[in-house]
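Residue numbers (full-length UniProt numbering): 1 to 226. Every residue gets a Cβ at the ideal spot worked out from N, C-alpha and C, and that includes glycine. If you're wondering where the values come from, they're calculated on a predicted model, not measured in any experiment. Here the structure comes first, spelled out in structure tokens, and everything after it is commentary.
And the structure:
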């Protein structure tokens, strides 16, 4: 519950208007503190049942079975640098001290990155800008799916994992996967992101923050170097 919610509750319950400032002081007096709420996906009863059913179906999987999975996903990477939004600590007459300036980026650029990995290595990265739709997603798979499958699994069987984003579950995408005989791992809608590729994205974004790419080409070059 946020401070604004408490203010509304107090007005409805007691007929009195209490300021947000006073409410914050009262919260502190009661030994509470304000924290950023943790995010979690909104799950309907149907979503929950499917998540449980999916988890139970994979509960007895062995390590060798999980090693057959090709994990795929997309993530957004941004070209942003400087210290936008930070406050500076300075004396009143030091407004023009260069060390107290904030770097300004007039326009941040972003790119969507598709990638994949398996237990024994990583696959291709594919970059694209704008909104991705089912035909775009199919073109990504046409170019980038077979090479890592051949390299990471050789002649062994594999299982293709993707989340339930709309381009992934579109009718034409399902038809393409079925036509190409790609075995797809069942994945629950709005399920938890326990795919190992999520950790890989997090590592890459941390590394990009340390390397400070100055433009889109440099960002893509740095990602490929990783």
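Straight-line Cα distance separating residue j from residue i
{"i": "residue 214", "j": "residue 109", "result": "10 Å"}
{"i": "residue 155", "j": "residue 71", "result": "18 Å"}
{"i": "residue 128", "j": "residue 144", "result": "13 Å"}
{"i": "residue 12", "j": "residue 67", "result": "57 Å"}
{"i": "residue 58", "j": "residue 19", "result": "52 Å"}
{"i": "residue 182", "j": "residue 60", "result": "23 Å"}
{"i": "residue 43", "j": "residue 158", "result": "30 Å"}
{"i": "residue 201", "j": "residue 93", "result": "43 Å"}
{"i": "residue 153", "j": "residue 49", "result": "33 Å"}
{"i": "residue 3", "j": "residue 203", "result": "34 Å"}
Three-state secondary structure (DSSP) of residue i
{"i": "residue 212", "result": "coil"}
{"i": "residue 96", "result": "coil"}
{"i": "residue 218", "result": "helix"}
{"i": "residue 42", "result": "coil"}
{"i": "residue 30", "result": "coil"}
{"i": "residue 60", "result": "coil"}
Under 8 Å between C-beta atoms of residue i and residue j
{"i": "residue 132", "j": "residue 167", "result": "yes"}
{"i": "residue 164", "j": "residue 187", "result": "yes"}
{"i": "residue 69", "j": "residue 161", "result": "yes"}
{"i": "residue 223", "j": "residue 79", "result": "no"}
{"i": "residue 111", "j": "residue 210", "result": "no"}
{"i": "residue 118", "j": "residue 170", "result": "no"}
Residues near residue i in its chain [Cβ-Cβ closer than 7 Å; skip 5 each side]
{"i": "residue 177", "result": "184"}
{"i": "residue 55", "result": "none"}
Environment of residue i [buried if 16+ CB atoms lie within 10 Å]
{"i": "residue 194", "result": "exposed"}
{"i": "residue 173", "result": "buried"}
Cβ neighbours of residue i in the same chain (closer than 6 Å, five flanking residues each side left out)
{"i": "residue 126", "result": "114, 140 and 144"}
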